[in-house]
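Visitor: Mind having a look at this structure? Questions to follow.
Numbering (the working numbering), first residue to last: 2 to 177.
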């Protein structure tokens, strides 16, 4: 869950920090108020390509940062471990992107430099952003288990892992 968004020198935003709450967050406002810019910034944090034209005039770089609370760490821990990225004790990860005018952008998770492909692999597990008519991820059967698991608590996840272990043992015994 995205809990905080920080934006500096990006489009019309000089310096902004937005806190989000658990549950549904809706961004509304007048035409031209910056709703699309917030969504664009979140998309870039999650790994979308960034057009350097978003960097504010007179600045060398834009900085975008998202703080994510991971309610169910077992969903994302395997990929974080694969990339040697630690998650803090509060189940938070901080994703930052620095977009430079004259050099390649930098991506970090919890301070560790990462590649664009690593970022995309990790962030696909974090957030779904839905605009008008964007509901396709709900139709993708590979997302169903993750969605259902997100409603469970730690006990349910442990039970699921135990059942999987017993099932795997049963399958192995059956093969003998």
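Quick reminder that beta carbons are idealized off the backbone N, C-alpha and C, glycines included.
Terminal residues of the continuous alpha helix (DSSP H) containing residue 81?
Guide: 74-83
Visitor: Helix, strand or coil: which one does DSSP assign to residue 12?
Guide: coil
Visitor: On the DSSP bridge list, what partners appear for residue 146?
Guide: According to DSSP, which records beta bridges pairwise, residue 146 is partnered with nothing at all.
Visitor: When you compare each of 84, 104, 76, 85 to residue 162 by their alpha carbons, which one comes out closest?
Guide: 76
Visitor: If contacts are defined as beta-carbon pairs under 8 Å, then residue 87 and residue 111 qualify, I think. What distance do you get, rounded to the angstrom?
Guide: 6 Å
Visitor: Alpha carbons only, please: which of 73, 8, 101, 35 is nearest the one belonging to residue 159?
Guide: 73
Visitor: How many Å lie between residue 176 and residue 164 at the Cα?
Guide: As the crow flies, the alpha-carbon of residue 176 is around 18 Å from that of residue 164.
Visitor: Mapping DSSP to helix, strand and coil, what is residue 62?
Guide: strand
Visitor: Cβ atoms of residue 25 and residue 42: under 9 Å apart, would you say?
Guide: Not closer than 9 Å, so no.
Visitor: Compute the Euclidean distance between the alpha carbons of residue 61 and residue 101, then round it to the nearest angstrom.
Guide: 6 Å
Visitor: What are the partner residues of residue 20, as DSSP defines its beta bridges?
Guide: 5
Visitor: Going by DSSP, name the residue or residues bridged to residue 98.
Guide: 65, 108
Visitor: Taking the beta strand (DSSP E) that residue 103 belongs to, which residues open and close that run?
Guide: Element bounds for residue 103: n/a, residue is neither H nor E.
Visitor: Does DSSP classify residue 47 as helix, strand or coil?
Guide: coil
Visitor: In whole angstroms, give me the CA-to-CA distance for residue 36 and residue 10.
Guide: 16 Å
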